[in-house]
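Counting in the numbering used here, the sequence shown runs from 8 upward without gaps. Virtual Cβ for every residue (Gly too), placed ideally from N, Cα, C. Working notes for the structure below.
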Amino acid sequence: MASLEDLDDLVARYLSPAVASHRENSSVEFVVDGRHWMRRMRELLTSLRPGDAAYICGLQLEPDMDLSGRTAGQPGYEPLGALLTGLACDGVDVRVILAGAVVSSSIARPTIGPFHQNVTSAHRLRHWRRDCDRRSARPPLHNRVALDWSGSGIGSNHQKVTLIRRGTEITACVGGLDYAANRVDETPHRRLTVKGGRWGWHDAGAIIKGPAAADVWRVLRMRWTGVINLPRKRYFWPTVKGLPLLNPGDMPGEIPSPPPQTAQPATGSACQILRSVGPWYIDSLLPWERRHYSDVAPGGVQEIYLTLVQAINAARRYVYIEDQYFREYPGGDHRFELYPHLRAAAARGVKVILVGSGSRDPAESSPLINGTVNADLQRKIIDPLPQHLRRNVGLWRVEHLTVHTKIVIVDDQFAAVGSANFFSRSMVGVDTELTAALVTLGDEVRDLRVRLWAEHLRTPIGEELRKHLDDLDLAIGIFRPEWLPPSAPAGSWRTPGLPEGFDPLESVLTLVGPP
C-alpha cells in the first residue's frame, strides 16, 4: 500500500493547491472511444428506477441516435429520445441542458456550430411521446430540456456531463463525448466514412464515483439554476414551429444539493474536478446589460489551466497531449496559453508529444488539418528553443481520424481527461469546460497511456505488446527513434522479430514536425 507521504508528494507536485483534492476516496475510470462510452451510458441509464435521476448537459444531442450504434430499421433500435422519455414516464427525474450560444441563437443564417440543431433537438425531445404516455397528458420531457445561452458572447457552454443518481449514489461521467451517432466508434476506426473515404472518431471520458462525483453534481446544479433564471429569450428561426421562446416557463426548480457520497477504494490516488468558467453569466455588447455569475469570482474560474500548468511544470520524462486544436482561435487570452510551459519542459529535456487529427470533424468546413506545424506551435514553442532541443517536441497526426480527445498525461503519474481543448479560450473560460484530473502511485495512468499508444499502432494489446508499451524507455521510441535508450536498436518499432521491438499492424501515426 502506498504511504500517505508519497501521495502527498504527488498531489503537491502535479495538482494545483487552488483546487480541492479528493485523496484515496474517489474512483476515476478512463474510457477510450465512443462505442465503449455509449455502452456504459446505456447501462447506467437503463439501470434507473422511479425516484432516481439522470441529468445530461452537452454541446449537442441527437434524439434519434441509438447508444448501441444501431440505426433506424435494425432490430433493437432505440432512439435516445425514446429512452429518455421512457425514463421520465417511469418517474426518473430527467433533465437535459443543451448549448445555445448567445450569438448563434439570435441569427438564422449562417448557422454556427450545432446550436440551431440544438433548437430542433430540444423541440423534438419536448414533444416526444411513448406508449406509457397518455395522449391527453403533456409529453414527459415538455419542460425538462433547456437551451443554455449564458456565458461569453463568442464562446459556448462546452461541458459534457452525464450525471446518474441511483438512490443516493452518484455516478458522474465527464469527457469529450456528446450524444451523436458518429461518436459510436472504436479502434481500428474503419466503420465510418466521409465523402467516400475512411474516417473515424477518437474520444475519451472519465467515470467518477465517490465524493468527487458530488463536485460534478454541484457544477451541473449551478448550470441548471443558471438556465432556469435566464431571461425568456425569443427565437426567430422560422423552420421550428411552435417554439416562440427558447425555454418554457415552467421548468422544474433547482436541483437539490448532492447527497453525501460513500468513499470508493482508490489507494494511492487523488483526483480533482476542474472547471473553466468565464466571468459573464449574461454577455452583451451593451455593458449595462452584462451580468456576472452570482457564485463565480469576477474574473471567472481557471482551475483547468492552473492544474495543467502545475503538472506540465513538474514533468520529468514526458508530456503527452491529445487534442483537436493546437492553435489559438478567436476569444483566447495569451495570459492563459500553455505554449510557454511546454517550451520550458522541452528545454529541461522533457519529451513533449502532441497528437492531433489527420481529418477534421466533418461539421467543419475544410477536411485538412495538421498538414504542417501551425504558426502558434512554431513561434511559441519550437523557434525559441535552441536548435539541439527542438527535437524534444513533436506534433503527430493520426491519419483518417478526428482526434477529439482532450487528454494530458505526464510521467505515467498524472492524467487529465475532459472537455477542455488545448487553446486558451478553453483555459480562460470563454468556453465553459469541465475536466477530471488524477494522480496515482498505481498503474491507472500508465494503463491509459498504453491503451492510447496501442490504438495509434492499430494493434490489440497482447502480452508481448503490453510488455513493450509498459516499458516507457522503449515505448517512447514509437515517436522518435533517437528517444530510445542506447541499448535499443533505432528500428525497434518498425522491425519485426527484434526482441526489443514490435511491428505495428498499420502505420497511421505521422510526424508533422519539426523534422
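By DSSP, does residue i sit in helix, in strand, or in coil?
i      : result
SER366 : coil
ARG298 : strand
TYR346 : helix
GLY401 : strand
THR7   : The requested residue 7 is not part of the displayed model; the chain covers only 8 to 522.
THR200 : strand
VAL452 : helix
GLY107 : coil
ALA523 : Given that the chain is displayed from residue 8 to residue 522, the structure contains no residue 523 and the question cannot be resolved.
TRP490 : helix
VAL457 : helix
GLY338 : coil
GLY233 : helix
LEU252 : strand
LEU6   : Beyond the ends of the chain as shown, which are 8 and 522, falls residue 6; an answer cannot be given.
ASP383 : helix
ILE376 : coil
SER112 : Confidence in SER112 is poor, its pLDDT being 44 and thus under 50, which makes the residue's placement unreliable; the coordinate value appears in the next sentence. Three-state DSSP puts SER112 in coil, outside helix and strand.
ALA179 : strand
VAL35  : strand
ALA495 : coil
ASP15  : helix
GLY484 : helix
LEU396 : helix
ILE193 : Looking at the sequence itself, residue 193 is Glu, so the reference to Ile does not match. Note: GLU193 maps to coil in three-state DSSP.
SER431 : helix
GLU462 : helix
TYR332 : coil
TYR84  : coil
ARG20  : helix
Residues bridged to residue i by DSSP?
i      : result
TYR327 : ILE360, ILE416
TYR186 : LEU68
TRP224 : Paired residue(s): none; TRP224 is not in a bridge.
GLY207 : LEU408
GLY158 : ILE289
SER264 : None, per the DSSP bridge assignment.
LYS164 : Reading the sequence as shown, one finds Asn at residue 164 and not Lys. Bridge partners of ASN164: THR439.
HIS29  : CYS278
ASP100 : ALA60
VAL284 : VAL308
ALA153 : ILE104
Since residue i is in the alpha helix (DSSP H), which residue starts that stretch and which ends it?
i      : result
HIS470 : It is worth fixing the name first, because residue 470 is Glu in this sequence and not His. First-last of the alpha helix (DSSP H) with GLU470: 470-477.
ARG46  : 41-53
PHE122 : 122-133
The beta strand (DSSP E) with residue i in it runs from where to where?
i      : result
VAL168 : 168-173
GLU406 : Premise fails: GLU406 is in no beta strand (DSSP E) and is neither H nor E.
ILE215 : 211-216
ALA95  : Not the beta strand (DSSP E): ALA95 falls in the alpha helix (DSSP H), residues 87-96.
THR447 : 440-447
LEU518 : 516-520
ALA318 : Premise fails: ALA318 lies in the alpha helix (DSSP H), 310-321, not in any beta strand (DSSP E).
VAL424 : 421-425
For the ligand GTP, is there a heavy atom less than 8 Å away from the beta-carbon of residue i?
i      : result
GLY207 : This structure lacks the ligand GTP; in fact it carries no ligand of any kind.
Could you check whether the stretch 212-228 touches the stretch 30-44, counting it as contact only if at least three pairs of C-beta atoms, one from each stretch, sit closer than 8 Å?
yes
Does the stretch 330-337 come close enough to the stretch 297-304 to have 3 or more Cβ pairs within less than 8 Å?
no
Cβ contact check for the stretch 279-290 and the stretch 257-265: 3 or more pairs under 8 Å
no
Would you be able to state if there are at least three C-beta pairs under 8 Å between the stretch 388-404 and the stretch 356-363?
Because the criterion of three Cβ pairs below 8 Å is met, the stretch 356-363 and the stretch 388-404 touch.
Okay, do the stretch 339-349 and the stretch 430-438 touch, 3+ Cβ pairs below 8 Å being the bar?
yes
Counting pairs of Cβ atoms below 8 Å between the stretch 434-441 and the stretch 164-171, do you hit three or more?
yes
Contact between the stretch 40-57 and the stretch 70-90 is defined here as three or more beta-carbon pairs at a separation below 8 Å; is this criterion met?
yes
Between the stretch 418-428 and the stretch 384-393, do at least 3 Cβ pairs fall closer than 8 Å?
Taking one beta carbon from each stretch, the stretch 418-428 and the stretch 384-393 have fewer than 3 pairs nearer than 8 Å; the two do not touch.
Can you find at least 3 beta carbon pairs, one from the stretch 474-491 and one from the stretch 349-356, that sit closer than 8 Å?
no
Three-pair Cβ contact test at 8 Å for the stretch 311-318 versus the stretch 16-27
yes
Count Cβ pairs between the stretch 123-138 and the stretch 146-155 that sit closer than 8 Å; are there 3 or more?
A contact exists between the stretch 123-138 and the stretch 146-155.
Pair every Cβ in the stretch 446-461 with every Cβ in the stretch 167-176, then say whether three or more of these pairs are closer than 8 Å.
no
Quick check: the stretch 459-472 against the stretch 363-370, are there 3 or more CB pairs under 8 Å?
Too few Cβ pairs lie closer than 8 Å, so no.
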